[in-house]
Structures are given as structure tokens and as C-alpha cells.
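Novice: Just passing along the structure, written as C-alpha cells.
There are 2 protein chains.
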Amino acid sequence: VARAPAPLDPAQIGRSRGTLAVIGIGPGDAAGRTAEADAALAGASDVVGYGLYLDLLGPALDAKTRHESGLGAEEARARQALDLAAAGRRVALVSSGDAGIYGLATLVFELIEREARPEWRRIAIDVVPGVSAMQAAASRLGAPLGHDFCAISLSDLLTPWPVIERRLAAAAEGDFVVALYNPRSEQRQTQLGAARDLLLAHRQPETPVALARNLGRAGESIEITTLGALPLDAVDMLTLVLVGSSATRLLPGTPPRLYTPRGYLAKR
Amino acid sequence: VARAPAPLDPAQIGRSRGTLAVIGIGPGDAAGRTAEADAALAGASDVVGYGLYLDLLGPALDAKTRHESGLGAEEARARQALDLAAAGRRVALVSSGDAGIYGLATLVFELIEREARPEWRRIAIDVVPGVSAMQAAASRLGAPLGHDFCAISLSDLLTPWPVIERRLAAAAEGDFVVALYNPRSEQRQTQLGAARDLLLAHRQPETPVALARNLGRAGESIEITTLGALPLDAVDMLTLVLVGSSATRLLPGTPPRLYTPRGYLAKR
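Chains S and L, in that order, are what the protein sequence lines are.
Using the numbering used here, you'd call the opening residue of the first sequence number 397 and step up by one each time.
Using the numbering used here, you'd call the opening residue of the second sequence number 397 and step up by one each time.
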């Protein structure tokens, strides 16, 4: 759905050198955005993104042409942003979290390489990083990402499940703290349970796990549980699942805290 | 070295409930800081940190009491921040990058748990996330963190080398993009070569590697090379080494770009 669609003049395509900023807006609230993201948004003539993310930006989008699309339409969104920039516009393509971590930036470069369109190659592209969901969750929990960690997407829509299984097994073997993105959806119900079982092969059932949902947005919630008791049904696409390593500790208190020591004190 | 040391009144310790914000300031420039980090700095009475990082903050520290310390003095810094907060001050403890990713946040919680001092337990603690070095590097390179990745510190000062070796082997086996923090220092010259060899057991010598140094600061540099040709001597403690997965691609151009596809197009 495009509101106030920009008039694209085909005669201009490839003539002027537009710009494309692929912007990570962080968890969603203005507090979590960098000054660089704000400046890139302010300088844009056109903003392209999933409707919910554009709504989160509120007044930052005043006087800009909005191009909204639905949740699954990543490729259409990236193409539209490239076409607008090729026509000379100053385009902001909005990603939640960090645009480079499970965001839209990589899709933009993939499209440019595969399609080899000269007018896309001329676009000046900036990727603006942001606070990813695992970081927003970690900061509210304490410091669970305080030592070595990995990020794994459980979505097998675009990655074969055996590749994901191999990564989960390696993460378990390497005793990494693990951030699970895209853990579960209406269509994908089995992956999170399988991930839990692969991790349990190397980790105690008492290993702390955090479920962080909608951080920085309305309805934010965060829950600490264990790997053995992981409530699969409480997890959806908006949840980030953070699984501790063997060293991750739960510090009781109000609020309770999770942290993974670097070992500063252990050495003494 | 403490400039303008704060007068600590022992009679106040444990009486008032001070605050401690452990703040990730991102790569270094103001553009890379979140609004939340700026607000936390603005609200602080006292700022504790490594001198270089405090210098990066410039005018944001006007009218605040600065407590500087040297590069290696992490524990002393965290203790000082806790003591000041316990005395009722509003303390900002400054970390580069993300305070929760190889930053000072985890050390604060470790000290609180180990030492069980009631006056530290009463402190209201906020962790403020920020853009970590791997994200700053990735955004300038394109989107090398576009799919599953892990972060590994090569410092064996606090972690036994066999644990690090096991993580490197797992990262290689799992075909993760790998961000290597603390890759090399004057005292630690062998770890990066050993890491390269462990990764080469599962990855082609042509695998792209990026060396990012001093991003967001004076003297910033970024270089793209390969795993087989990795110039060990060009790497120091200020360098972030980013090693591609088997899927990471180099897109020639000005500038050249690195990206790791999620597979959106591969599925068609």
C-alpha cells in the first residue's frame, strides 16, 4: 500500500544520482535511534518501509513522501527504494533494529549484484547501523552478551533447515550465548523446540533463557525462564529468544539480572 | 588518573540511592550515539571512563565531574562508579561501542554479585546499548552481518586459550560470519594467526575479510582482504576483524561492498 505515491518520471531514471540510506531505527522508540539515523531520516525526500515501522517514526516523517508496504514484502520494498533513488530522489529505506542484522541492507546489495542494472549501480548508498533486538533485550536484562555470542535466525523460509541445524549444533558445541531471531510464527511451529533440543545436548536444563517481546514499543515484555522450561507457546515472531552460555548467571533482585562474565575476576 | 576527584563522603554511602548508567557511546563520534545515551550522559553528575573515551564525548561532559582512568583499569573503573553511585551520585560509566558487548556492564554485575555489598545492591542500574564495533564496520562495508554471525574475543588474558580455540572451531564448523574482537596486541601476537588457521580448516583462502580500525574516530581506516592473505602485522587492538562466511560476497565498485545474503533471491 503506497500512500501519496511519488510520481516516478521514467525519463529521469539513470540521469540524476540519487541517494539511498538504509536505516536501522533500533527497537522502535526515538530514544533508541542514533543521531546519524535521525539525520538520515531528516534528509530524505522519500521514506520506504513496513507500515508499522513508519508509524513508529511518527513526526520524524512529516513532510516526506511515505511508501508503505506489508510485512512480507521485503523484496518489493528494496526494489522500490532502488528505483526511487535511481530517479534522483533522496530515499530512506527503514529497517527495524540494525539495518545490517537480519535487515534490508543485504537485500539491497544482493539485488544490485544480481540484476546488474546500471541505474542502480550509480546510487550512492549509506547503511546506518542501529541497536538490534538482541542488544535492546540484553541492556534491559543486564549483560547477557558480555562474552562471546552468536545470532541465528530460525526462519527456514529462505535458509534450508539443515544449515540452521548445523549452526545450532555448532553454537551449542562452542558454548556461545545464542540470540535466536525469527524463532516462531504461525507457519513455523517446530523450529524453536528443535533448537532447544540441540542446545540441551550441550547445556544444562537450568541454563537461563530470556524472552523479549516488542521492546521499545507498546506492550513491551521481558521474561526470564530456563532452557528446560522454555514455554514454546509464549514465543512468536515479535519475540527475541536469548539463551545463556554455561557461564551466564542469574543475579536475583528487583529486577533480576542476567550477565555473562568476561572472567575479569575469575582470574584472580 | 582522576581529574577533579569527587569528594566521597563515607557517611553518605548506603544512605541515598544513587544511580548508575552504564553507557555504550558507539564508535566514538556524536552521530553514532543514541538519544538514550545522550540523555543518560546529560543527566549524570559524574562521568567515569577511560580518558580517550571521555575525550571523544567532548562538550557532552561540560559541567560534570570527570573520573578518568587508564586503558587496563576496568575493574577499578567499575568499582569507582559503584562507590560513587552508592554515595548518592548520578553516575555515567562510559564504554565504547555497546556497553553490554565486551563492555563494562557485565563487570558491574559481576562485582555486585561477588562482593555482596548492600550499598551496591541498592543502586538503580541502567544499561544503555550502543552501536558495537562490528556494526560500525559492517555498515561501512555494506552488509556482511546480513545473516548468522558470531562474535569472539581473541584475548586470552581472562579466558583460557582452549576455550577460545573451541569457539573458533565451532564458528568455522557452523559457517558463521565471525567478528573477532581484541585480535592482537603487543603482548598477544600469536592468537590471530591461530584463529585464521582454525577458520581455514573449513573456509576457502579467498573468503573475504575486512579490517576496520578506529571507526568513528580520527585516523579511521577500513581494508578488505582475504582469509588466506590476512596481513597479521596490520592488525592491532584497535582493529575489528570481520571474516566472511562461505556465502559472503564481494561486490566490486566504488566503494567495494561486502554482503552476506539472507537468501531472499536464492529461493526463487
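A virtual CB, placed ideally from N, CA and C, is assigned to each residue, including glycine.
Measuring CA to CA, which of S:R563, S:C546, S:I508, S:S528 is closest to S:G424?
Specialist: On the first sequence, residue 424 of chain S is found 28 positions in, with the first residue counted as 1. Out of S:R563, S:C546, S:I508, S:S528, S:S528 has the C-alpha closest to the C-alpha of S:G424.
Novice: For L:S491, report the span of its beta strand (DSSP E) as first-last.
Specialist: Within the second sequence, residue 491 of chain L is the residue found at index 95, counting from 1. Taken as a continuous stretch (DSSP letters only), the beta strand (DSSP E) holding L:S491 covers 486–491.
Novice: By the criterion of Cβ-Cβ separation under 9 Å, what are the contact partners of L:G439 in chain S?
Specialist: Counting from one through the second sequence, the residue named residue 439 of chain L turns up at place 43. The contacting residues do not exist; L:G439 stays about 13 Å from chain S at best.
Novice: So for S:R658, helix, strand or coil by DSSP?
Specialist: In the first sequence, the residue the question calls residue 658 of chain S occupies position 262. If DSSP states are grouped into helix, strand and coil, S:R658 belongs with coil.
Novice: So the alpha helix (DSSP H) L:R510 belongs to, where does it begin and stop?
Specialist: Position 114 of the second sequence, counted from the start, is the residue given in the question as residue 510 of chain L. 501–511 is the span of the alpha helix (DSSP H), which, as asked, contains L:R510.
Novice: Between L:L595 and the rest of its own chain, which residues show a CB-CB distance below 8 Å, the 5 nearest in sequence each way excluded?
Specialist: For the purposes of this step, residue 595 of chain L is taken as the residue at position 199 of the second sequence. The answer, listed in chain order, is L564, A567, A568, V574, T603, L623, V639.
Novice: Does the beta carbon of L:P525 come closer than 7 Å to any beta carbon on chain S?
Specialist: On the second sequence, position 129 is the one that residue 525 of chain L refers to. Answer yes: the Cβ-Cβ gap between L:P525 and chain S drops below 7 Å somewhere.
Novice: Taking buried to mean at least 16 other C-beta atoms within 10 Å of its own C-beta, is L:T644 buried or exposed?
Specialist: Numbered from 1 along the second sequence, position 248 holds the residue referred to as residue 644 of chain L. Looking at its Cβ environment, which holds 16 or more other Cβ atoms inside 10 Å, L:T644 is buried.
Novice: Is the stretch 529–537 of chain S in contact with the stretch 502–510 of chain S, if contact means three or more CB pairs nearer than 8 Å?
Specialist: At 8 Å Cβ cutoff, the stretches do not touch.
Novice: Against chain S, with Cβ distances strictly below 7 Å, would L:L638 count as a contact?
Specialist: As a first step, residue 638 of chain L must be located in the second sequence, where it is residue number 242. No, its Cβ sits nowhere closer than 7 Å to a Cβ of chain S.
Novice: Within 10 angstroms of its Cβ, does S:R413 collect 16 or more other Cβ (buried), or is it exposed?
Specialist: Reading the first sequence from its first residue, position 17 is the one you call residue 413 of chain S. Exposed, since its Cβ has fewer than 16 Cβ neighbours within 10 Å.
Novice: Kindly indicate if chain B contains any beta-carbon less than 7 Å away from that of L:L457.
Specialist: The question asks about chain B, but that chain is absent: this structure's protein chains are S and L.
Novice: Got a sec: is the Cβ-Cβ distance from S:E464 to anything in chain L below 7 Å?
Specialist: As a working mapping, residue 464 of chain S is identified with position 68 in the first sequence. So no, S:E464 is outside the interface.
Novice: Taking only runs of the beta strand (DSSP E) that begin and end inside the stretch 576–621 of chain S, which ones reach a length of at least 3 residues, in chain order?
Specialist: If we require 3 residues or more, the beta strand (DSSP E) runs fully inside the stretch 576–621 of chain S come out as 604–609.
Novice: Answer with buried or exposed for L:D434, where buried requires no fewer than 16 other C-beta atoms within 10 angstroms of its C-beta.
Specialist: Start at 1 with the first residue of the second sequence, and residue 434 of chain L comes out as number 38. So L:D434 counts as buried.
Novice: Taking 7 Å as the limit between beta carbons, can you name the residues of its chain near S:R399, skipping five residues before and five after?
Specialist: As a first step, residue 399 of chain S must be located in the first sequence, where it is residue number 3. Any reading at S:R399 needs caution, since the residue's pLDDT is 46, under 50, leaving its predicted position unreliable; the model's value is listed next. Hits under 7 Å: R462, E464.
Novice: Taking contact to mean 3 or more Cβ pairs, one atom from each stretch, closer than 8 Å, check whether the stretch 476–483 of chain L and the stretch 434–449 of chain L are in contact.
Specialist: Touching, yes, given that three or more Cβ pairs across the two stretches are closer than 8 Å.
Novice: Could you round the C-beta distance between S:V559 and S:L588 to whole angstroms and report it? I think they count as a contact, below 8 Å.
Specialist: Mapped onto the first sequence, residue 559 of chain S falls at position 163. Mapped onto the first sequence, residue 588 of chain S falls at position 192. With a Cβ gap of about 17 Å, S:V559 and S:L588 do not count as contacting.
Novice: Does L:S642 pass the burial test, meaning 16 or more other C-beta atoms within 10 Å, or should it be called exposed?
Specialist: By one-based count along the second sequence, residue 642 of chain L stands at place 246. Exposed, because fewer than 16 other Cβ atoms sit within 10 Å of the Cβ of L:S642.
Novice: State the Cα-Cα distance for the pair S:R653 and L:G428, rounded to the nearest angstrom.
Specialist: Residue mapping note: residue 653 of chain S aligns to position 257 of the first sequence, counting from 1. Residue mapping note: residue 428 of chain L aligns to position 32 of the second sequence, counting from 1. Rounded to the nearest angstrom, the two C-alpha atoms are 27 Å apart.
Novice: For the alpha helix (DSSP H) that L:Y449 lies in, which residues bound it at each end?
Specialist: Counting from 1 along the second sequence, the entry for residue 449 of chain L is found at position 53. Start and end: 447–453.
Novice: Which residues of the stretch 501–512 of chain S have a Cβ closer than 8 Å to any Cβ of chain L? Give them in chain order.
Specialist: Within the stretch 501–512 of chain S, the residues whose Cβ lies closer than 8 Å to some Cβ of chain L are A501, T502, L503, V504, F505, E506, L507, I508, E509, R510, listed in chain order.
Novice: I'd like to know whether the C-beta of S:A488 is nearer than 7 Å to at least one C-beta of chain L.
Specialist: One-based indexing of the first sequence puts residue 488 of chain S at position 92. No - not a single Cβ of chain L is within 7 Å of the one on S:A488.
Novice: Can you tell me the Cα-Cα spacing of S:T650 and L:I521, whole angstroms?
Specialist: Taking the first residue of the first sequence as position 1, residue 650 of chain S is located at position 254. Taking the first residue of the second sequence as position 1, residue 521 of chain L is located at position 125. Each residue's alpha carbon lies about 11 Å from the other.
Novice: Quick one: what does DSSP say S:I548 is sitting in, helix, strand or coil?
Specialist: As a first step, residue 548 of chain S must be located in the first sequence, where it is residue number 152. It is a strand residue.
Novice: When you compare each of S:G445, S:A459, S:R580 to S:D552 by their alpha carbons, which one comes out closest?
Specialist: Residue 552 of chain S sits at position 156 when you count from the first residue of the first sequence. For the residues S:G445, S:A459, S:R580, the minimum Cα distance to S:D552 belongs to S:R580.
Novice: Enumerate in chain order the residues of its own chain whose CB-to-CB distance from S:A436 is below 8 Å, with the five nearest sequence positions on each side excluded.
Specialist: For this step, residue 436 of chain S is matched to residue 40 along the first sequence. Excluding positions up to five away in sequence, the list reads A417, I419, A488, D522, V524.
Novice: Against chain L, with Cβ distances strictly below 7 Å, would S:T644 count as a contact?
Specialist: Along the first sequence, read from residue 1 onward, the residue named residue 644 of chain S stands at position 248. Output row for S:T644: interface = no.
Novice: Assign L:S492 to buried or exposed, taking buried as 16 or more other Cβ atoms, counted over all protein chains shown, within 10 Å of its Cβ.
Specialist: Counting from one through the second sequence, the residue named residue 492 of chain L turns up at place 96. Buried, by the Cβ-count rule.
Novice: What residue does the beta strand (DSSP E) around S:I521 start on, and which one ends it?
Specialist: Within the first sequence, numbered from 1, the residue matching residue 521 of chain S stands at position 125. Residues 520–524.
Novice: So, are the CB atoms of S:A474 and S:L500 less than 7 Å apart?
Specialist: Stepping through the first sequence from its first residue, residue 474 of chain S is reached at position 78. Stepping through the first sequence from its first residue, residue 500 of chain S is reached at position 104. It is a contact, given that the beta carbons lie within the stated cut-off.
Novice: Determine the closest residue to S:Q583 out of S:P540, S:L550, S:L607, with distance taken between C-alpha atoms.
Specialist: Locating residue 583 of chain S in the first sequence gives position 187, counting from the first residue. Per the Cα distances, S:L550.
Novice: Would you say S:R396 reaches chain L, if we count a Cβ-Cβ gap shorter than 7 Å as a contact?
Specialist: What is shown of chain S runs 397 to 664, which leaves residue 396 of chain S out entirely.
Novice: So, helix, strand or coil for S:T560, using DSSP?
Specialist: Taking the first sequence and counting its residues from 1, the one referred to as residue 560 of chain S is at position 164. Correcting the residue type first, residue 560 of chain S is Ile in the shown sequence and not Thr. Three-state result, S:I560: helix.
Novice: On the CB-based measure, 16 or more other CB atoms within 10 Å of its CB, does L:A547 come out buried or exposed?
Specialist: The residue you call residue 547 of chain L lines up with position 151 of the second sequence. L:A547 is buried by the Cβ-count criterion.
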